[in-house]
Amino acid sequence: MSQERFDAIVVGGGMAGASAAYRLAKAGIRVLIVERGNYAGAKNVTGGRIYTHSLEQLIPDFRKRAPLERKVTQERISILEGGKSTTIEYNGGAEHPDEESYVVLRSVFDKWLADEAANAGAMVVNRIQVDSLLMQGDRVVGVRCGNDEAYANVVILADGVNSLLAERAGLRAPLRPAEVAVSAKEVYTFNKGVIEERFGLAADEGASWLFMGDITHGLMGGGFLYTNKNSVSIGIVVSLEHIGEADATIEDMMNEFMAYPTVARLLKGGKLVERSGHMVPEAGYQAVSTLSGDGFIIVGDAAGFCVNMGYTVRGMDFAIASGMYAADAVIKAHKLGDFSAGAMRYYDLKVEDSFIGKDLKQYRRLPDFLNNPRIFTAYPAMVNGIMQDVFTVNGKGASPLVPKLLKRANKAGLVGLAMDALKGGRAL
Amino acid sequence: MKLEEKLGVNKYYVNEGHPHIEIIHDYPDMAEKMKLVNACPAGLYTLQDDGTLAFDYAGCLECGTCRVLCGNTIIKKWEYPDDTKGIEFRQG
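Chains A and B, in that order, are what the protein sequence lines are.
Those letters in the first sequence? Residues 12 to 439, by the numbering used here.
Those letters in the second sequence? Residues 73 to 164, by the numbering used here.
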């Protein structure tokens with residue numbers, strides 16, 4: 012592609028980029044996806060779960076076509092401290108189709124979605140890295156890949172959380188450690204039938220399991236586990252803000268997490284098939300970047316669209332929706348022949364009006380609330396201590412429960428507890 | 073299982089002799105160095121007995137964490153590996 016011209020160029024073949032290209036191609040727009048991996052998804056990682064409401068809008072029959080691992084029907088949250096754990100389990104699943112969520116593996120899923128875009132008419136080029144954006148003044152007019160240049164009316168930046176392009180072109184402020192977390196993840200395969208038996212699941216049903224507690228050594232973060240068809244995705248996420256001060260590496264934390272009796276027995280006999288790592292945009296609304304400008308739109312993780320609420324973590328449903336909104340803005344601009352910053356603002360407004368804007372705003376105080384060592388050490392100790400008090404019988408004669416509970420709460424710090432509860436209530 | 077062994081199950085196309093990340097090994101500030109030691113999900117930054125920082129780009133997962141943490145201090149250069157090189161996730 013020495014010097015080619017397209018209506019639109021999408022940088023990155025992940026969920027946001029492929030969704031944008033799929034919709035553009037369907038509308039008859041000449042669109043190119045440039046993906047640096049050997050295939051779309053080769054550089055991408057998820058913890059595990061996608062809420063599929065936006066995918067359903069993009070591809071209504073995705074349930075028949077998409078490579079989904081399992082539909083989540085079982086939710087568990089565990090609070091870990093000192094080898095003890097307290098677990099809440101909910102079985103019920105989604106009441107409506109648009110409330111469903113599925114466990115996915117990105118190297119499989121993204122490849123499929125990029126193929127869908129290609130089948131719809133998008134040109135997908137793998138193994139090519141975009142080195143820089145071509146600018147005319149403040150306007151993005153194309154991309155440079157080595158000695159090749161490709162031009163377009165608009166460039167959609169879908170190059171992920173570690174988006175070098177927008178930063179280096181001065182289109183957005185550099186990512187700060189407080190805005191991101193790092194994740195380590197491992198996938199373990201099992202013999203057929205083991206997942207169902209071990210987690211108490213039916214053939215296509217899946218489990219989502221989040222963990223918080225002393226495994227992150229006081230840092231904001233936690234563990235996750237999702238069941239795939241015949242494998243388990245397990246990992247840990249920790250905020251970068253104070254990571255240098257931690258008394259453990261992320262690998263130490265991962266090992267402590269996987270050694271927890273509750274967790275270790277789930278992994279027994281599993282064979283490690285991949286170790287991955289990735290960043291997660293975590294600061295919510297505060298971290299959302301510039302969304303668009305003259306000749307460009309930023310989507311997905313590159314735009315910072317992610318919400319971590321502790322008990323649910325989301326990014327992929329935002330990615331797909333933002334790709335769709337970007338496509339809508341480009342289709343409109345294409346009709347009007349206007350790709351100026353003003354025309355691209357249509358995308359910003361669509362994002363703000365949609366669930367993306369609403370969810371990011373609603374939970375904007377959460378990162379600040381969660382960035383509190385007490386939540387990951389003192390309170391998990393309190394919860395497990397209370398459980399211990401409640402369930403212990405030792406033949407020394409019972410003592411009244413309420414004072415025992417108060418003692419546990421006192422140890423965690425009553426004033427701090429009350430203030431954190433208030434802050435948490437406001438953040439949600 | 074040691075982290076090096078874990079990384080051994082991954083599929084890499086290492087660009088031999090062309091590190092995509094370069095660092096200042098004898099950067100003086102210990103707090104900066106500890107960020108990388110603690111955060112790299114591939115454990116590629118290790119503190120040596122003489123206090124310098126060792127780094128091996130071959131096992132890189134291309135997450136960018138080190139760039140965000142120390143892009144203005146220890147990290148001299150951070151690029152993605154050249155076309156087709158680096159990690160290839162088969163699970164993701």
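Beta carbons are placed, not taken as given, at the ideal position from N, Cα and C, and that holds for glycine.
Item, Value
"Please give me, in chain order, every unbroken run of the beta strand (DSSP E) with length at least 3 that falls completely inside the segment 151–177 of chain A.", "159–168"
"Give the DSSP-derived three-state secondary structure of Ile90/A in the structure shown.", "strand"
"When the Cα of Leu176/A is compared with those of Gln140/A, Ala189/A, Pro391/A, Pro188/A, which residue comes out closest?", "Gln140/A"
"Whose C-beta lies closer than 7 Å to the C-beta of Met264/A among residues of the same chain, with five residues either side of it excluded?", "Ile226, Thr227, His228, Ile247, Val249"
"How many angstroms separate the CA atom of Ala257/A from the CA atom of Gln163/B?", "30 Å"
"I want to see whether chain B comes within less than 7 Å of Val243/A, judged by CB atoms only; does it?", "no"
"Can you tell me whether DSSP reads Arg47/A as helix, strand or coil?", "coil"
"Counting contacts by CB-CB distance shorter than 7 Å, is Gln120/B in contact with chain A?", "no"
"Measuring only between beta-carbons, confirm whether Pro188/A sits less than 7 Å from chain B.", "yes"
"Between Glu165/B and Lys148/B, what straight-line distance do the alpha-carbon atoms span, to the nearest angstrom?", "Absent from the structure is residue 165/B, since the part of chain B shown begins at 73 and ends at 164."
"Using C-beta distances below 6 Å, list every residue in its chain close to Val172/A, excluding the 5 sequence neighbours before and after it, in chain order.", "Met290, Pro292, Asp312"
"Just to confirm the assignment, what range does the beta strand (DSSP E) spanning Phe120/A have?", "Note, Phe120/A: premise wrong, no beta strand (DSSP E); alpha helix (DSSP H) at 117–131."
"Starting from Pro391/A and walking both ways along the alpha helix (DSSP H), at which residues does that stretch end?", "389–402"
"Along chain E, which residues have their Cβ under 7 Å away from the Cβ of Gly115/B?", "Note that chain E does not occur in the displayed structure, where the protein chains are A and B."
"Provide the residue span of the beta strand (DSSP E) that contains Glu262/A, from first to last.", "No beta strand (DSSP E) holds Glu262/A; the alpha helix (DSSP H) holding it covers 261–270."
"My guess is that Val394/A and Ile90/A are in contact by the Cβ rule of under 8 Å, so how many angstroms apart are they, rounded?", "5 Å"
"Tell me, please, whether the segment 15–23 of chain A touches the segment 153–165 of chain A by the rule of three or more beta-carbon pairs shorter than 8 Å.", "yes"
"Near Asp359/A, what residues of its chain come up, given a Cβ to Cβ distance below 8 Å and the 5 sequence neighbours on each side ignored?", "Leu302, Ser303"
"Determine, for Leu277/A, whether the minimum Cβ-Cβ distance to residues of chain B falls below 7 Å.", "no"
"Please state the DSSP three-state secondary structure of Met12/A.", "Caution is warranted here: a pLDDT of 49 is assigned to Met12/A, below 50, making its placement in the model unreliable, and no coordinate value can be reported."
"Would you list the residues sitting across from Arg81/A in a DSSP beta bridge?", "Val114/A"
"Check each residue of the segment 44–66 of chain A: if its Cβ is closer than 9 Å to any Cβ of chain B, include it; give the result in chain order.", "Arg47, Gly48, Asn49, Tyr50, Gly52, Ala53, Lys54, Asn55, Val56, Thr57"
"So Leu125/B packs on Leu141/B, CB below 8 Å; how close in whole Å?", "Incorrect: roughly 13 Å between the Cβ atoms, too far for contact."
"Just checking my contact of Val22/A with Asp170/A at CB under 8 Å: how many whole Å lie between their CB atoms?", "5 Å"
"Flag Leu133/B as yes if its beta-carbon sits less than 7 Å from any beta-carbon of chain A, otherwise no.", "yes"
"Quick check on the burial criterion: 16 or more other C-beta atoms within 10 angstroms. Buried or exposed for Asp101/B?", "exposed"
"So which residues of chain B does Leu176/A contact, with C-beta pairs closer than 9 Å?", "Under the 9 Å cutoff, chain B gives no residues; its nearest Cβ is about 11 Å from Leu176/A."
"Who are Thr238/A's beta bridge partners in DSSP?", "Val243/A"
"Do we get a CB-CB distance below 7 Å when we pair Met231/A with the residues of chain B?", "no"
"Tell me, to the nearest whole angstrom, how far the beta carbon of Phe350/A is from that of Val165/A; I am working on the premise that it is less than 8 Å.", "5 Å"
"Rounding to the nearest angstrom, what Cα-Cα distance links Tyr50/A and Leu182/A in this structure?", "27 Å"
"Look at Gln85/A and Ala213/A and say whether their C-beta atoms are less than 7 Å apart.", "no"
"Is there a Cβ from chain A that is less than 7 Å from the Cβ of Leu125/B?", "no"
"Can you tell me which of Gly94/A, Gln373/A, Tyr33/A, Tyr62/A puts its alpha carbon nearest to the alpha carbon of Gly396/A?", "Gly94/A"
"Just to confirm the assignment, what range does the beta strand (DSSP E) spanning Met134/A have?", "134–136"
"Could you tell me the alpha carbon to alpha carbon distance between Ser194/A and Thr137/B, rounded to whole angstroms?", "9 Å"
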